[in-house]
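Here is the structure we will look at.
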Amino acid sequence: MKITELLLKGHSFPALLKTFGIDGNDVKIQDEDIIMADQFSKHQDTVKETICIEAKNKSGVFNLFGTLHCNLVNNLAVFEMQGFEQLRPVC
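Using my numbering, read the sequence shown as starting at 28 and increasing by one per residue.
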(Lines of atoms letter the chains of each structure in order from A; the text may use other names.)
(Lines give C-alpha, C1' and ligand atoms only; values in the text may rest on other atoms or scores of the structure.)
Protein backbone atom coordinates (compact mmCIF):
# COMPACT_ATOMS: atom_id res chain seq x y z
CA MET A 28 0.00 0.00 0.00
CA LYS A 29 1.27 3.49 -0.83
CA ILE A 30 2.15 5.93 1.94
CA THR A 31 -0.24 8.51 0.49
CA GLU A 32 -3.14 6.04 0.78
CA LEU A 33 -2.23 5.31 4.40
CA LEU A 34 -2.13 9.02 5.26
CA LEU A 35 -5.47 9.69 3.58
CA LYS A 36 -7.11 6.89 5.61
CA GLY A 37 -6.53 8.88 8.81
CA HIS A 38 -8.27 11.99 10.08
CA SER A 39 -5.51 14.54 10.65
CA PHE A 40 -3.85 14.44 7.22
CA PRO A 41 -7.07 15.06 5.26
CA ALA A 42 -7.85 17.88 7.73
CA LEU A 43 -4.41 19.39 7.07
CA LEU A 44 -5.00 19.24 3.31
CA LYS A 45 -8.40 20.86 3.78
CA THR A 46 -6.80 23.89 5.51
CA PHE A 47 -4.74 24.45 2.35
CA GLY A 48 -7.69 23.71 0.02
CA ILE A 49 -5.92 20.65 -1.39
CA ASP A 50 -7.65 17.54 -2.70
CA GLY A 51 -6.15 14.16 -1.77
CA ASN A 52 -5.72 13.31 -5.46
CA ASP A 53 -3.35 16.28 -5.88
CA VAL A 54 -0.75 14.99 -3.41
CA LYS A 55 2.58 13.36 -4.23
CA ILE A 56 5.22 12.22 -1.74
CA GLN A 57 8.64 12.87 -3.22
CA ASP A 58 10.72 9.67 -3.47
CA GLU A 59 7.90 7.53 -2.02
CA ASP A 60 8.98 4.43 -3.93
CA ILE A 61 12.58 4.80 -2.75
CA ILE A 62 11.51 5.25 0.88
CA MET A 63 9.36 2.13 0.79
CA ALA A 64 11.94 0.03 -1.09
CA ASP A 65 14.58 0.99 1.47
CA GLN A 66 12.34 -0.04 4.37
CA PHE A 67 11.46 -3.39 2.79
CA SER A 68 15.12 -4.14 2.02
CA LYS A 69 15.98 -3.49 5.69
CA HIS A 70 12.99 -5.64 6.81
CA GLN A 71 11.73 -2.90 9.11
CA ASP A 72 8.16 -2.74 10.37
CA THR A 73 8.21 0.98 11.13
CA VAL A 74 9.33 4.01 9.16
CA LYS A 75 10.43 7.38 10.50
CA GLU A 76 11.58 9.54 7.63
CA THR A 77 11.84 13.25 6.84
CA ILE A 78 9.77 13.79 3.70
CA CYS A 79 8.49 16.42 1.33
CA ILE A 80 4.92 16.24 0.08
CA GLU A 81 4.12 18.16 -3.11
CA ALA A 82 0.50 19.28 -3.27
CA LYS A 83 -1.48 21.48 -5.65
CA ASN A 84 -4.53 23.67 -5.31
CA LYS A 85 -5.99 26.61 -7.24
CA SER A 86 -3.49 29.01 -5.63
CA GLY A 87 -0.38 27.09 -6.62
CA VAL A 88 1.99 24.31 -5.73
CA PHE A 89 2.93 23.72 -2.11
CA ASN A 90 5.74 21.73 -0.56
CA LEU A 91 4.84 20.40 2.88
CA PHE A 92 7.91 19.43 4.91
CA GLY A 93 7.85 17.14 7.91
CA THR A 94 8.35 13.72 9.42
CA LEU A 95 6.52 10.59 8.34
CA HIS A 96 5.77 8.05 11.05
CA CYS A 97 4.54 4.83 9.50
CA ASN A 98 3.72 1.40 10.97
CA LEU A 99 3.77 -1.04 8.06
CA VAL A 100 2.40 -3.94 10.13
CA ASN A 101 -0.78 -2.09 11.12
CA ASN A 102 -0.99 0.03 7.95
CA LEU A 103 -0.96 3.30 9.89
CA ALA A 104 0.78 6.53 8.90
CA VAL A 105 1.04 10.00 10.43
CA PHE A 106 2.60 13.12 8.94
CA GLU A 107 4.07 15.62 11.40
CA MET A 108 4.38 18.89 9.46
CA GLN A 109 7.26 21.22 10.32
CA GLY A 110 6.78 23.80 7.56
CA PHE A 111 5.66 24.57 4.03
CA GLU A 112 6.40 26.77 1.04
CA GLN A 113 4.30 27.94 -1.89
CA LEU A 114 6.22 27.57 -5.14
CA ARG A 115 4.22 29.04 -7.99
CA PRO A 116 0.68 29.71 -9.13
CA VAL A 117 -1.01 27.02 -11.20
CA CYS A 118 -1.73 28.29 -14.72
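Every residue, glycine too, gets a C-beta built ideally from N, C-alpha and C.
- As computed with DSSP, Gln113 is found in a beta bridge with Phe89.
- Within the model, the alpha-carbon separation for Gly87 versus Gly51 is close to 15 Å.
- Gln66 sits close to Val74, with the two beta carbons spaced by under 8 Å.
- By the criterion of a C-beta distance shorter than 7 Å, Leu35 is surrounded in its chain by Pro41, Gly51, once the five residues flanking it on both sides are discounted.
- Annotation for Lys45: no beta strand (DSSP E) segment contains it, though the alpha helix (DSSP H) segment containing it runs 39-47.
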